[in-house]
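Heads up: the sequence shown at position 93 corresponds to 92 in numbering that gives the first Met the number 0, and the numbers run straight through without jumps.
C-beta atoms are modelled at their ideal positions from N, C-alpha and C, and glycine is treated no differently.
Read through the structure below, which is laid out as structure tokens, and then see the notes.
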Amino acid sequence: MERRGAAAQAAARGRRGHEQALSRSLSPADGRAARRVVSGNTSRDSEGWRELNRASWDERVGIHLKAPGYDLAPLRAGRGQLNAVEEAELGSVDGLRVLHLQCHFGADTLALAQRGASVVGLDFSPAAITAANALARELGLADRARFVCADLYDAPQAIAEPAAFDLVYVSWGATCWLPDIRRWAEIVAQFLKPGGRLYYADAHPTAYIFDDFAPEPDGRPGWFSPYLERQPLKYTDPNDYADPTARLENATNVGWLHPLSDIVTGLIDAGLSLDWLHEHASLPWRMFKVLEKRDDGDWHWPDRPWLPLAVSLKATRRR
Numbered sequence: 000m001e002r003r004g005a006a007a008q009a010a011a012r013g014r015r016g017h018e019q020a021l022s023r024s025l026s027p028a029d030g031r032a033a034r035r036v037v038s039g040n041t042s043r044d045s046e047g048w049r050e051l052n053r054a055s056w057d058e059r060v061g062i063h064l065k066a067p068g069y070d071l072a073p074l075r076a077g078r079g080q081l082n083a084v085e086e087a088e089l090g091s092v093d094g095l096r097v098l099h100l101q102c103h104f105g106a107d108t109l110a111l112a113q114r115g116a117s118v119v120g121l122d123f124s125p126a127a128i129t130a131a132n133a134l135a136r137e138l139g140l141a142d143r144a145r146f147v148c149a150d151l152y153d154a155p156q157a158i159a160e161p162a163a164f165d166l167v168y169v170s171w172g173a174t175c176w177l178p179d180i181r182r183w184a185e186i187v188a189q190f191l192k193p194g195g196r197l198y199y200a201d202a203h204p205t206a207y208i209f210d211d212f213a214p215e216p217d218g219r220p221g222w223f224s225p226y227l228e229r230q231p232l233k234y235t236d237p238n239d240y241a242d243p244t245a246r247l248e249n250a251t252n253v254g255w256l257h258p259l260s261d262i263v264t265g266l267i268d269a270g271l272s273l274d275w276l277h278e279h280a281s282l283p284w285r286m287f288k289v290l291e292k293r294d295d296g297d298w299h300w301p302d303r304p305w306l307p308l309a310v311s312l313k314a315t316r317r318r
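Next up, the structure:
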């Protein structure tokens with residue numbers, strides 16, 4: 000989509016200048032590789048986004064199966080862990096049919112199966128689905144967990160079970176990879192039974208506008224992207240969030256920032272009612288260098304909360 004008008008053009012020039020400055024200065028002092036913003040102003044920046052993102056996530060699977068950020072020991076011991084926010088909010092899934100969208104290699108999917116749910120996990124990465132099926136067999140959960148390899152937007156065709164699920168589960172680093180949040184909401188609604196619910200937990204959209212690679216003088220993350228930006232952001236970052244020692248070869252990704260209002264309104268327009276929405280000052284990975292890991296396993300601001308790091312919500316299908 001082309002921006003029009005003098006104000007929009009000025010904003011675009013300002014954004015480009017900001018990104019050029021970032022590109023010159025993205026040299027972290029903690030030993031990580033530099034991150035480079037490639038572009039973020041026109042629809043052309045999203046061309047080939049699936050292929051770029053899929054290559055990156057295919058590569059990450061092998062890293063994450065051994066990464067400290069994914070501790071599979073509890074899962075192998077029979078009680079996979081969810082993060083502190085989910086443990087407090089999700090409730091019992093025993094006996095429920097659960098659809099886990101964008102499930103990666105299925106660790107959380109299988110944790111839900113261990114809690115008594117019958118689960119279907121969907122992801123667009125063939126490597127992730129291969130690993131998920133292998134892990135399900137290893138854990139003796141293949142009869143309770145099925146994994147499907149398909150793009151999120153192809154889910155209705157790949158899983159031809161409309162209105163069949165009690166719970167759709169979406170969590171942590173999911174919707175930032177999707178260009179069309181309204182279509183995502185429609186797909187969620189399509190899979191839910193009447194009275195079925197969505198549980199959603201992810202990084203707060205406000206947190207995405209800040210980044211370590213544009214730091215403030217006090218070390219806190221600085222401004223990185225406009226909150227109301229609707230254009231794709233294409234960037235190259237060889238670092239992996241789950242293993243600080245890893246360096247990605249497929250390091251270019253394309254993402255989108257969806258304001259919280261777009262997410263909530265999309266769900267309401269798709270036929271869901273919002274039951275509650277919670278904002279949190281912690282999340283499961285180290286989004287910024289200043290965050291500190293605490294006993295609950297999450298990463299928190301070191302002193303008083305500065306801005307929300309995560310958001311969770313429950314929404315119920317009305318019809």
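Residues near residue i by beta carbon distance below 8 Å, same chain, minus five either side
i, result
"residue 28", "In this prediction, residue 28 has a pLDDT of 37, which is less than 50 and means its spatial position is unreliable; nothing more can be read from the coordinates."
"residue 75", "137, 138"
"residue 296", "80, 82, 83, 283"
"residue 91", "114, 115"
"residue 301", "289, 290, 291"
"residue 275", "312, 313"
Beta carbon of residue i nearer than 9 Å to that of residue j
i, j, result
"residue 122", "residue 116", "no"
"residue 233", "residue 252", "yes"
"residue 239", "residue 227", "no"
"residue 303", "residue 292", "no"
"residue 184", "residue 309", "no"
"residue 152", "residue 170", "no"
"residue 77", "residue 181", "no"
"residue 86", "residue 203", "no"
"residue 96", "residue 193", "no"
"residue 201", "residue 174", "yes"
"residue 66", "residue 245", "yes"
"residue 186", "residue 231", "no"
"residue 159", "residue 195", "no"
"residue 259", "residue 267", "no"
Residue i versus the options, residue with shortest Cα-Cα distance
i, options, result
"residue 223", "217, 229, 212", "212"
"residue 306", "156, 219, 119", "219"
"residue 262", "149, 178, 105, 80", "178"
"residue 89", "64, 70, 161, 110", "110"
"residue 330", "174, 55, 104, 92", "One cannot answer for residue 330 here, as it falls past the ends of the chain, which runs 0 to 318."
"residue 64", "215, 47, 106", "106"
"residue 56", "172, 93, 94", "172"
Integer-rounded CB distance, given that residue j should sit under 8 Å from residue i
i, j, result
"residue 271", "residue 206", "Incorrect: roughly 24 Å between the Cβ atoms, too far for contact."
"residue 144", "residue 108", "6 Å"
"residue 298", "residue 281", "6 Å"
"residue 164", "residue 98", "4 Å"
"residue 79", "residue 113", "5 Å"
"residue 242", "residue 68", "6 Å"
"residue 190", "residue 167", "6 Å"
"residue 150", "residue 49", "7 Å"
Same chain, Cβ closer than 7 Å to residue i, five either side skipped, listed in chain order
i, result
"residue 137", "none"
"residue 176", "52, 254"
"residue 58", "247, 248, 249"
"residue 54", "249"
"residue 73", "79, 80"
"residue 214", "220, 221"
"residue 188", "269, 270, 271, 316"
"residue 118", "97, 99, 108, 111, 112, 143, 144"
"residue 60", "104, 124, 126, 127, 130"
Identified DSSP bridge partners for residue i
i, result
"residue 148", "122"
"residue 100", "121"
"residue 164", "191"
"residue 196", "166, 315"
"residue 272", "315"
"residue 246", "238"
"residue 115", "Answer is none; residue 115 lacks a bridge partner."
"residue 291", "299"
"residue 309", "202, 279"
"residue 221", "210"
Same chain, Cβ closer than 6 Å to residue i, neighbours up to 5 away in sequence not counted
i, result
"residue 209", "220, 223"
"residue 129", "none"
"residue 133", "none"
"residue 148", "125, 128"
"residue 62", "239, 242, 245"
"residue 157", "147, 149"
"residue 141", "135"
"residue 398", "Shown here, the chain extends from 0 to 318; a query on residue 398 therefore has no answer."
"residue 237", "32, 246, 247, 250"
Chain B contact for residue i (CB, 9 Å cutoff)
i, result
"residue 145", "In the structure shown, chain B does not exist; there is a single protein chain."
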